[in-house]
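Enquirer:
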Amino acid sequence: MEKSTSEAVSMPDDWCSRHFDHLSPDLAATMPATMARMRDLCPVAHSEEHGGFWIVSKYEDVLSVAQNWEVYSSAHGLGVSKAPTVVRNLPVQADPPEQRIYKRLINPFFTPAAVARWERPTRDLVTRLIDDFVEDGACEFMDAFARPLPSLAFFTLALNAPPEDLDKVAYLASKSSVPDDPKAAECWRGLYEWIKEFVRERRTQPARGDVVDAVLNAEIEGRPITEDEIIGTVQLLILGGLETTAGALGLMFARFCAEPEIPALLRERPELIPDAIQELLRLEPSFVSVGRTAVQDAELGGRSIKKGDKVLIHWASANRDGEEFTDPDRFDLDRERNRHLSFGVGPHRCAGSNLARLNLRIALEELLGRLDDIRLQDGAEIGYHRGMTRSPNSLPISFTPGPCLGPAT
């Protein structure tokens with residue numbers, strides 16, 4: 001988690017073709033340029049790092065791997081972490097047909113109709129967060145807004161978890177998501193223990209009809225769900241609900257600082273915000289890559305993948321493949337189609353994508369309506385969180401001060 005270098009500079013060719021490291025802070029800082037070089041130089045590359053693994057960077061190849069779970073298994077992922085989870089993240093660390101059982105438990109709670117009921121409380125939360133800094137004309141955007149919004153919205157509205165525990169859980173989720181962080185193992189254990197206690201408390205309370213109740217009372221192939229299965233499912237909900245939307249908001253506002261014509265357009269034509277979110281997610285996804293393990297020999301991009309090989313598929317790279325997207329590095333609201341992979345694809349496509357889009361839409365509607373002349377503070381440099389997710393560690397911005405609105409009436 002170091003300060004960034006210019007995103008216009010790619011990592012060297014030898015690094016790309018032989019020493020690619022998805023955990024490198026240099027990759028997080030130079031990702032668009034480096035992944036463009038990967039697509040040109042070695043679309044299916046083999047890295048010697050972390051015991052050896054393949055990197056898949058082109059759109060059609062990424063699509064092929066993600067959809068072919070019978071060859072490329074999610075059950076063991078990339079397998080390079082020095083701090084494995086205490087329990088499986090479910091349903092991500094499972095393949096069909098087992099995976100479908102767990103996903104069917106959570107899907108009904110994140111449909112467009114299901115998340116629509118959270119619009120009013122989410123907008124109220126957004127207003128309160130903006131009120132806390134709008135009169136100052138400056139804030140550290142990640143701490144003041146990007147992290148608190150999805151965390152509070154998901155924690156209190158979806159999980160009905162105690163808000164006083166949020167800071168602790170957010171810290172544990174963030175640290176555990178970086179495989180080589182010295183505190184990752186400790187944080188996985190801490191997250192496991194918190195969920196275990198949360199589940200115990202929920203069992204003593206009246207049913208709320210939420211996703212937690214559905215998981216607690218589930219049957220898996222005719223038997224009661226186990227404690228570890230409950231914890232693993234709630235654990236994945238937390239990781240997805242707290243980390244990725246925060247990263248997306250930070251990356252969007254970093255782009256707004258660099259390209260002020262985008263927020264100016266969206267202020268003038270707020271009806272374009274939903275399409276703009278799709279294009280911004282394509283350009284700057286916070287969920288950048290995911291691991292698979294080959295369970296059969298296979299051929300991909302002219303390379304021979306052997307049974308047992310580890311494979312990293314790179315969503316962020318696929319999203320900028322010029323064979324799928326015309327002028328892929330440009331923000332363009334007139335694209336005929338935008339089949340971005342920022343929410344994944346195939347069996348493991350993100351179950352929370354509707355909630356993420358709701359949070360992002362409300363956030364941009366309110367933020368752009370109240371913050372004008374958004375810019376990076378003088379002398380500030382953006383450093384990026386590294387690993388399978390990417391987001392600014394901090395984003396100090398300035399803007400024209402505005403009025404505090406106070407509670408909605």
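Numbering (the UniProt record's numbering), first residue to last: 1 to 409.
Note that the Cβ used here is the ideal one computed from N, Cα and C, for glycine as well.
All figures in this text were calculated on a predicted structure; none of them were measured in a lab.
(1) Where T326 and D334 are concerned, what is the direct C-alpha to C-alpha distance, given to the nearest angstrom?
(2) Comparing alpha-carbon positions, which option in D378, R390, A380, N359 lies nearest F145?
(3) What does the Cβ neighbour count give for T222, buried or exposed, with the cut at 16 atoms within 10 Å?
(4) How is M1 classed by DSSP in three states: helix, strand or coil?
(5) Per DSSP, which residues does F287 bridge with? Please list them.
(6) Give a yes or no on whether 8 Å exceeds the smallest Cβ distance from F20 to chain B.
(7) Relative to the alpha-carbon of P347, which residue among H46, Q67, P12, P32 has its alpha-carbon at the smallest distance?
(8) Check for me: the alpha helix (DSSP H) holding F343 runs from which residue to which?
(9) Using 8 Å as the threshold, is the segment 111 to 122 in touch with the segment 349 to 365, meaning 3 or more CB pairs across them?
(10) In chain order, what are the residue ranges of uninterrupted alpha helix (DSSP H) at least 4 long that sit wholly in the segment 132 to 158?
(11) Answer with buried or exposed for P206, where buried requires no fewer than 16 other C-beta atoms within 10 angstroms of its C-beta.
(12) When burial is assigned at 16 or more other CB atoms within 10 Å of the CB, is E229 buried or exposed?
(13) For the segment 57 to 74 against the segment 40 to 49, do three or more pairs of beta-carbon atoms, one drawn from each stretch, fall closer than 8 Å, so that the two count as touching?
(14) State the DSSP-derived secondary structure class of P182, mapped to helix, strand or coil.
(15) Thinking C-beta only, is V212 closer than 8 Å to N160?
(16) Would Y384 pass as a contact of A28 if the rule is Cβ separation under 8 Å?
(17) Among L371, I101, T34, which residue has its Cα nearest to the Cα of P224?
(18) Would V169 and I238 be called neighbours here (beta carbons separated by less than 8 Å)?
Expert: In this structure, then:
(1) 11 Å
(2) N359
(3) First, the amino acid is wrong: residue 222 is Gly here, not Thr. G222 should be labelled exposed.
(4) Residue confidence is low: M1 scores 34 on pLDDT, short of 50, so the model does not pin down where it sits. No coordinate-derived value is stated.
(5) DSSP output for F287 lists T389 as bridge partner(s).
(6) You won't find chain B in this structure, because it holds only one protein chain.
(7) Q67
(8) For F343, there is no enclosing alpha helix (DSSP H), as DSSP marks it with neither H nor E.
(9) Under the 8 Å Cβ criterion, the segment 111 to 122 counts as touching the segment 349 to 365, having at least three qualifying pairs.
(10) 148 to 153
(11) exposed
(12) buried
(13) Yes, the segment 57 to 74 touches the segment 40 to 49.
(14) Coil, per DSSP.
(15) yes
(16) yes
(17) I101
(18) yes
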